[in-house]
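Enquirer: Residue numbers (UniProt numbering): 1 to 124. Sharing a structure, written as structure tokens. Questions coming.
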């Protein structure tokens, strides 16, 4: 991904509802989870003053970053124009982190994060 440029989103090729459903069904998240992302975005817009956010920096592998970019672009292409500006990559990352932490808090060592930690402990 280093040095590659993302293709800009355009209004050309407006998609039918059937095409949008097909795109959404191919994403790893369910349609309802994507709606939750949009709702999270809308909530964050209305609660900006109430909810403080911190700026953080993390390193991601090139593959993960590219997948994040592709997913972000795919979601935005599937959305009506008036909603495209309401979804941000930080919403996707926050949504994913909430699910990861929720799974870990509920399932501990049996969570995907718990299994990853155990494999690191074993030196895998």
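All C-beta atoms in this analysis are idealised placements derived from N, C-alpha and C, irrespective of residue type, glycine included. Values in this document were obtained by computation on a predicted structure and should not be read as measured data.
Can you look up residue 87 in the DSSP assignment and give me helix, strand or coil?
Expert: Residue 87: coil per DSSP, three-state reduction.
Enquirer: Using the three-state DSSP reduction, which class does residue 38 fall into: helix, strand or coil?
Expert: Correct three-state label for residue 38: helix.
Enquirer: Run the CB neighbour count on residue 122, radius 10 Å, all protein chains shown included, and call it buried at 16 or more, exposed below.
Expert: Label assigned to residue 122: exposed.
Enquirer: Go through its chain and collect everything with a Cβ distance to residue 1's Cβ below 7 Å, but skip five positions before and after it.
Expert: Reliability fails at residue 1, whose pLDDT of 49 lies under 50, so the model's placement of it is uncertain and no value is given.
Enquirer: When you compare only the Cα positions, how much space is there between residue 38 and residue 106?
Expert: Taking the straight line from one Cα to the other gives about 25 Å.
Enquirer: From 94, 72, 33, pick the residue whose C-alpha is nearest to that of residue 56; which is it?
Expert: When each option's Cα is compared against that of residue 56, the closest is 94.
Enquirer: Could you name the residues of the same chain whose beta carbon sits closer than 7 Å to that of residue 99, not counting the 5 residues immediately before and after it, in chain order?
Expert: Excluding positions up to five away in sequence, the list is empty.
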